[in-house]
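Numbering (the UniProt record's numbering), first residue to last: 1 to 387.
Ideal Cβ positions, reconstructed from N, Cα and C, are used throughout, including at glycine.
The structure appears below as structure tokens.
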């Protein structure tokens, strides 16, 4: 039987024969792959059933150090076996050879280290009583619905939701790092998970995800559409944020219906060309880093996206798994990091496409020098290792 991941069949294909393979920028993908290889791990945490042998991926990473940019395509062809992700027919549903791709970005916002006129929304640091659960992990007495809990003398309890936190449920653990213009900017920062903030003196800083309260996420776009405030066609980030600011009463109510709440940390912007660190622990490469389902795929695995992407040349695109997200679920589901700022935000908003997914699985590192021999079926591996 062909290898499977979460019910999807992995169908062997030839990389060199894929439409668009020769035209794509292999050097950019190689650079993103090397950067992800340098991640601190675990990649991802210890989860049963993660596809991608850590030993084979580590061998491919070591080999990538010596590859010249113009040899990138040959490297991927030699070190990896390619498999198209095909979800079989089920009942009246036909076989599906395409998945779903969205985009995300790093917003650029205006903020201040002190509250005041024009700076009213606090960006909160992670509270010391927040306990985060790894994917697949459960805690005694805590409903599996919750992905984090509050440490108490008697064990973990559900962490306060967004409305409770805004109403003061953190008490002395309410520690603002800085203040943004308004609650809408804060909400955008939390939806994207990170951002760059420009301070009044011109300095810039990066605000990074540092945990969440574990409550379920609710899409505000769906709420706005379901209540009939805006049509789903053309519903972009710019449009729904403008509507929220024009309707503050509705805005507060709808935002509080999303129980999920994100906490942050700050650090300097060291390389403006790169994005924030993803779940793999390394800076994201615009257009080349993709969030995947971390319960299924190991960070560092390359993926070929079959089809034309908005704003991208060619008929396909080689990207690297370097991040994850609570809404990114399933074997043929991805979220492409597109960059920083307003233009990237518009591009991310336009990216909601059905597209084919081909995963590149590292060939076995079976010789002392790590050279691969032949092609092999994907290996589901667990454990803590760098890619």
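Cβ-Cβ separation, residue 274 to residue 285 (assumed contact under 8 angstroms), whole Å: In the chain shown, residue 285 corresponds to position 285, counting from 1. In the chain shown, residue 274 corresponds to position 274, counting from 1. Going by Cβ atoms, the distance from residue 285 to residue 274 rounds to 7 angstroms, so yes, they are a contact pair.
Mapping DSSP to helix, strand and coil, what is residue 5? In the chain shown, residue 5 corresponds to position 5, counting from 1. DSSP places residue 5 in strand when its eight states are reduced to three.
Quick test of the definition: if touching needs 3 or more C-beta pairs under 8 angstroms, does the region 114-132 touch the region 348-366? no
Tell me which residue opens and which closes the beta strand (DSSP E) that residue 269 is part of. On the chain shown, position 269 is the one that residue 269 refers to. It is not in any beta strand (DSSP E) - residue 269 carries neither H nor E in the DSSP assignment.
Put residue 221 into one of helix, strand or coil per three-state DSSP. Within the chain shown, the letter at position 221 stands for residue 221. Three-state result, residue 221: helix.
Our contact map puts residue 182 next to residue 109 with C-beta atoms below 8 angstroms; I'd like the distance itself, whole angstroms only. Looking up residue 182 in the chain shown gives position 182. Looking up residue 109 in the chain shown gives position 109. The pair is not a contact, with the Cβ atoms about 10 angstroms apart (cut-off 8 angstroms).
Under the rule that 16 or more other beta-carbon atoms within 10 Å means buried, what is residue 160, buried or exposed? Taking the chain shown and counting its residues from 1, one reaches residue 160 at position 160. Looking at its Cβ environment, which holds 16 or more other Cβ atoms inside 10 Å, residue 160 is buried.
Smallest Cα separation from residue 195: which of 201, 4 and 206? Residue 195 sits at position 195 when you count from the first residue of the chain shown. Of 201, 4 and 206, the residue nearest in Cα terms is 206.
Use the C-beta contact count for residue 22: other C-beta atoms within 10 angstroms, 16 or more gives buried, fewer gives exposed. Position 22 of the chain shown, counted from the start, is the residue given in the question as residue 22. Classification for residue 22: exposed.
Could you name the residues of the same chain whose beta carbon sits closer than 7 angstroms to that of residue 112, not counting the 5 residues immediately before and after it, in chain order? Here the question's residue 112 lines up with position 112 in the chain shown. Same-chain partners within the cutoff: 119, 178, 179, 199 and 200.
CA-to-CA distance, residue 283 to residue 25, given in whole angstroms: Counted from its first residue, the chain shown places residue 25 at position 25. Counted from its first residue, the chain shown places residue 283 at position 283. Answer to the nearest angstrom: the Cα atoms are 19 angstroms apart.
By the 10 Å Cβ neighbour count, where 16 or more other Cβ atoms means buried, how is residue 56 classified, buried or exposed? By one-based count along the chain shown, residue 56 stands at place 56. By the neighbour-count rule (16 or more Cβ atoms within 10 Å), residue 56 is buried.
For the alpha helix (DSSP H) that contains residue 206, what are its first and last residues? Position 206 of the chain shown, counted from the first residue, corresponds to residue 206. Looking at the DSSP string, residue 206 is not in any alpha helix (DSSP H); the run it does join, the beta strand (DSSP E), is 204-212.
DSSP on residue 54, reduced to helix/strand/coil? Indexing the chain shown from 1 puts residue 54 at position 54. It is helical.
Here's a check: name, in chain order, each residue in its chain whose Cβ is nearer than 8 angstroms to the Cβ of residue 170, leaving out the five neighbours to either side. Taking the chain shown and counting its residues from 1, one reaches residue 170 at position 170. Contacts found: 124, 127 and 160.
At what residues does the beta strand (DSSP E) containing residue 194 begin and finish? Residue 194 sits at position 194 when you count from the first residue of the chain shown. First-last of the beta strand (DSSP E) with residue 194: 194-198.
Nearest-angstrom Cα separation, counted from residue 214 out to residue 324: Working through the chain shown from its first residue, we reach residue 324 at position 324. Working through the chain shown from its first residue, we reach residue 214 at position 214. Answer to the nearest angstrom: the Cα atoms are 15 angstroms apart.
If you draw a straight line from the C-alpha of residue 217 to the C-alpha of residue 258, how long is it? Numbered from its first residue, the chain shown carries residue 217 at position 217. Numbered from its first residue, the chain shown carries residue 258 at position 258. Between residue 217 and residue 258, the C-alpha separation is close to 6 angstroms.
From residue 8 to residue 102, what does the alpha carbon distance come to, in whole angstroms? Here the question's residue 8 lines up with position 8 in the chain shown. Here the question's residue 102 lines up with position 102 in the chain shown. Distance between the alpha carbons of residue 8 and residue 102: 20 angstroms.
Spell out a yes or no on whether the region 68-77 and the region 320-338 are touching, meaning 3 or more CB-CB pairs, one atom from each, closer than 8 angstroms. no
Could you pull out every residue in the same chain whose Cβ sits closer than 6 angstroms to the Cβ of residue 341, ignoring the five residues on either side in sequence? Residue mapping note: residue 341 aligns to position 341 of the chain shown, counting from 1. Only 108 meet the Cβ criterion.
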